[in-house]
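Some notes on the structure that comes next.
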Amino acid sequence: MTSLIPQSYEASRERFRSSLGRIAVRWPSSRIETHMLHAGEGDLSIDVLHAPATQQAQHILLVTTGEHGIEGFVGSAIMELAIREVLPTLDPGATSLCLVHAINPWGMKHEQRTNAANVDLNRNFVMSWDAAPRSSDGYRSLRHIFQPKGPMPSVRWNRLLLASQLMRLALMGKSGMLRQALLAGQYDEPAGLYYGGTDWQPETQVMRHLVDDCLKAVPHLVHVDLHTGYGPRGRMSVVNSGLDPVPSTQWAKRIDYPNVVIATSQEFYRIEGDMIDYMYRTREVTAPATAMYATCFEFGCLGDSLLAQIDSLWCAVASNRLRQQYVVSEAIADEVRRLWREAYCPSEPSWEEHAHSNALRAFRGILHDQGLTA
């Protein structure tokens with residue numbers, strides 16, 4: 001199998017832009033809208049391919065990639081796969097397309113999950129910044145683990161230290177508390193992990209306007225957001241919003257896909273400032289008559305064993321320390337970068353093969369269930 005994972009942000013964007021010609025064969029009014037970001041940081045943009053239905057639009061398919069920067073490499077591969085294998089099954093007379101390349105172009109360019117301000121964009125989609133403060137007490141109590149001070153003398157020693165800290169928490173029965181304190185997001189430590197910011201980021205603003213437009217454009221919106229990292233290695237999970245009223249077991253039957261979970265602490269993990277949750281809440285306010293199904297494809301990379309969870313956290317901590325210049329040698333920095341990329345974009349060909357087959361099965365099941373295909 002020829003890999004579809006691009007080697008750089010620029011190569012990914014060029015391929016996405018060049019797909020306009022292929023899509024325009026069936027959607028002749030297709031166009032690309034470019035949102036330039038980060039003046040002084042080079043040529044970085046969020047690119048949106050709009051393909052209006054050729055007759056009366058009944059549905060719009062929204063596919064988004066790269067909200068977490070480095071995850072956009074696999075997202076780009078799945079987007080290209082969808083363009084080749086999924087879009088030809090749709091009816092251009094009734095279905096419009098909205099395809100988004102790299103919500104977080106800076107993060108993709110620099111192989112980071114966060115944007116240039118260290119904001120995790122999937123913790124930045126809060127409904128109102130004037131609402132009650134979001135508690136970060138859990139994060140603060142474990143700050144010594146998430147943001148250790150001082151230089152990193154070696155990769156092996158640092159991994160062993162973190163493993164011992166996590167094992168101690170596990171013996172105390174606090175593993176779940178650690179995971180939730182970290183993954184839910186925090187709003188007090190700008191240099192920390194999973195930082196949600198204090199205001200909507202420029203990337204978030206682009207997506208907020210796009211979501212509003214999509215919700216008001218057609219009677220029915222289907223959204224698939226592409227992510228990597230969490231879950232069993234080599235398996236993709238369909239992660240639904242906790243605001244979706246249909247149980248995950250029922251969704252699994254409806255779309256003929258076994259790995260469906262809800263983004264709650266019971267089935268996956270709870271997220272503050274999540275983009276999918278934002279879409280459901282916005283629909284209730286601005287477009288209650290619009291039918292919508294929005295979900296996330298999450299491709300598991302390292303795995304969900306205890307050792308894999310330790311490695312996943314270590315990669316996040318070590319990458320952040322590298323960004324904060326706590327790494328003492330270029331050799332250590334290179335090793336951290338290599339392990340970090342593997343945590344979100346595995347190089348093993350069989351991993352990508354599984355990602356392709358899982359994504360196609362889920363796409364086909366969802367589009368059939370939602371009435372976009374026969």
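Each residue of the sequence shown is one higher than the one before, counting from 1 in our numbering.
Yeah, the Cβ is synthetic: ideal placement off N, Cα and C, and Gly gets one too.
Legend entry - Residue closest to Leu160, alpha-carbon to alpha-carbon, out of Ser357, Trp314 and Leu61: Trp314
Legend entry - Start-to-end residues for the beta strand (DSSP E) that takes in Phe73: Not the beta strand (DSSP E): Phe73 falls in the alpha helix (DSSP H), residues Gly72 to Glu85.
Inset, instruction - State the Cα-Cα distance for the pair Ser3 and Pro349, rounded to the nearest angstrom. - result: 7 Å
Inset, instruction - Return yes when the Cβ of Val336 is within less than 9 Å of the Cβ of Met172, no when it is not. - result: no
Inset, instruction - With distances taken Cα to Cα, identify the nearest neighbour of Leu61 among Val211, Met1 and Arg143. - result: Val211
Inset, instruction - Count the other CB atoms, across all protein chains shown, that sit within 10 Å of the CB of Pro346; report buried if there are 16 or more and exposed otherwise. - result: buried
Inset, instruction - Report the partner residues of Asp225 according to the DSSP bridge assignment. - result: Thr64 and Cys296
Legend entry - Cβ neighbours of Ile83 in the same chain (closer than 6 Å, five flanking residues each side left out): Ser19
Legend entry - heavy atom of the ligand ZN below 8 Å from His101 C-beta: This structure does not include the ligand ZN; it has no bound ligands of any sort.
Inset, instruction - Check the C-beta distance from Leu103 over to Thr64 and give it rounded, since I have them as a contact under 8 Å. - result: The question names Leu, but residue 103 in the sequence shown is Ile. Ile103 to Thr64, Cβ: 6 Å. Contact.
Legend entry - Within 9 Å, strictly: CB atoms of His227 and Cys214: no
Legend entry - For Asp334, the three-state DSSP class (helix, strand or coil): helix
Legend entry - Contacting residues, own chain, Cβ-Cβ under 7 Å from Asp225 (five flanking each side not counted): Thr64, Glu67, Met275, Ile276 and Cys296
Legend entry - Span separating the alpha-carbon of Ala291 from that of Tyr326: 48 Å
Inset, instruction - Quick one: grab the DSSP three-state call for Asn91. - result: According to the sequence displayed, residue 91 carries Asp and not Asn. DSSP places Asp91 in coil when its eight states are reduced to three.
Legend entry - For Thr204, the first and last residue of its enclosing alpha helix (DSSP H): Pro202 to Ala217
Inset, instruction - Decide if Met167 is buried, meaning its Cβ has at least 16 other Cβ atoms within 10 Å, or exposed. - result: exposed
Inset, instruction - Find the nearest neighbour of Gly234 within the set Ala331, Pro288, Ser30 and Asn259, judged by alpha-carbon distance. - result: Asn259
Inset, instruction - Give the DSSP-derived three-state secondary structure of Ile103 in the structure shown. - result: coil
Legend entry - Where Glu33 sits in the DSSP three-state scheme: strand
Legend entry - Proximity below 9 Å, CB of Gly196 to CB of Gln186: yes
Inset, instruction - Tell whether a beta-carbon distance below 9 Å holds between Arg113 and Glu71. - result: yes
Legend entry - Coarse secondary structure for Tyr195, derived from DSSP in three states: strand
Inset, instruction - Output the distance between the C-alpha atoms of Met207 and Asp120, rounded to the nearest integer angstrom. - result: 14 Å
Legend entry - Where the beta strand (DSSP E) through Asp47 begins and ends: Leu44 to Ala51
Inset, instruction - Pair every Cβ in the segment 140 to 156 with every Cβ in the segment 88 to 106, then say whether three or more of these pairs are closer than 8 Å. - result: no
Inset, instruction - Output the distance between the C-alpha atoms of Arg341 and Arg179, rounded to the nearest integer angstrom. - result: 21 Å
Legend entry - Segment limits, alpha helix (DSSP H) that includes Ile145: Arg143 to Phe146
Legend entry - Reference Thr34, options Asp256, Asp47, Asp137 and Ala170, closest by Cα: Asp47
Inset, instruction - May I ask which residues mark the beginning and end of the beta strand (DSSP E) holding Val260? - result: Val260 to Ile262
Inset, instruction - Pick helix, strand or coil for Cys315, following the three-state DSSP scheme. - result: helix
Legend entry - Distance between His220 and Ile332 (C-alpha atoms, nearest Å): 50 Å
Inset, instruction - Report yes or no: do three or more beta-carbon pairs, one from the segment 47 to 56 and one from the segment 305 to 322, lie closer than 8 Å? - result: no
Legend entry - Sub-9 Å separation of Asp199 and Tyr139 beta-carbons: no
Inset, instruction - Tell me Leu97's beta-bridge partners as DSSP assigns them. - result: Ala51 and Leu61
Inset, instruction - Could you check the C-alpha separation between Pro245 and Trp106 for me, to the nearest Å? - result: 35 Å
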